[in-house]
Amino acid sequence: MKEQFAEYLRNSNIQLWNKSHVEHPFIISMKKGDLDIEKFKYFMIQDYLFLIDYCKVIAIAVTKATDLDSMNHFASLLNETLNSEMQLHRDFCDEIGISNKEIESAEVMPATSSYTNYLLSTASQDSIEEIVASLLPCQWGYDDIGRNLENSKKANSVDFISKWIKGYTNTEYRYLTSWLINYVNKLSINTTSIVRQKMMDKFLHSIRYEYLFWDSAWHTKGWLD
């Protein structure tokens, strides 16, 4: 069977993909069950702030989708992100002593700002093909991480890690990941080689930002004073 485009995108960048979603110290530490809670707090706050803009990108994708089925799925992804994933973050932060007011007024750090600016720029200026290619590494990457960690006894022995894993291994999240992968494949068939190259470029850039985001959380990087 011929390799489909989404698989081609990932396999063409597999070393960087693995560095970001499998081999990064933050992911490995979660799998071992020894992740520093302060690193996790930093990550949850920045990821929450990231998701605010991520939702805006999905909302723009709704307007650029070319058929009702795709519009409906983007609307479902927006709903899942706004009302499930972001609620997961609020619940986590409440459990570890961070109020909603604190998380929503927190400073957006460099890696978060760079990543969301890139996604928002892509959403506002580029085609639906490029938008979905830029979104795929985040959605698919977290799905991969969830699958990698869900059977780890050490990870699941730590309450906050176990709860985080459940947020990315539920049926709805996996369904939307599968849909987005299939949508990328569908769009790649019905477009030109020039647009496919642009999709490849967007996918690669987003993996790079994924790595920087995880690295920022691992080192709790802030702005220079």
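The opening position of the sequence shown corresponds to residue 208 in my numbering, with each subsequent residue numbered one higher.
Using N, Cα and C, we set each Cβ at its ideal position, and we do this for glycine too.
Inter-residue spacing [alpha-carbon to alpha-carbon] between residue i and residue j
i	j	result
Lys209	Tyr380	26 Å
Ile372	Glu357	6 Å
Phe281	Ile388	13 Å
Thr376	Asp241	21 Å
Met316	Lys428	7 Å
Val339	Gln404	13 Å
Arg217	Val391	12 Å
Ile235	Thr378	24 Å
Ser341	Lys239	30 Å
Residue i: first and last residue of the uninterrupted alpha helix (DSSP H) it sits in
i	result
Asn377	Element bounds for Asn377: n/a, residue is neither H nor E.
Leu327	Pro317 to Gln332
Lys239	Pro232 to Lys239
Ile352	Ile335 to Leu356
Lys360	Lys360 to Asn363
Asp408	Ser400 to His426
Cβ pair residue i, residue j closer than 8 Å
i	j	result
Lys409	Glu337	yes
Phe257	Phe367	no
Gly374	Glu314	no
Leu285	Cys262	yes
Ala213	Leu343	yes
Asn220	Leu431	no
Gln211	Ala424	no
Phe420	Thr319	yes
Cβ-based neighbour list, residue i, same chain, cut-off 7 Å, excluding 5 preceding and 5 following
i	result
Ser334	Val402
Trp386	His280
Ile265	Phe281, Leu284, Leu285 and Thr288
Ser331	Ile267
For residue j and residue i, believed in contact at Cβ under 8 Å, the rounded distance
i	j	result
Ile244	Ile303	7 Å
Close Cβ partners of residue i (< 6 Å) along its chain, the five nearest in sequence each way excluded
i	result
Ser369	Asn363
His228	Gly348, Asp351 and Ile352
The ligand ATP heavy atom lying under 7 Å from the CB of residue i
i	result
Ile244	As for the ligand ATP, it is missing from this structure, which has no ligand bound.
Residues of its chain near residue i, where Cβ-Cβ distance is below 8 Å and the 5 sequence neighbours each way are ignored
i	result
Tyr418	Leu223, Lys226, Ser227 and His231
Asn307	Arg297, Cys300 and Asp301
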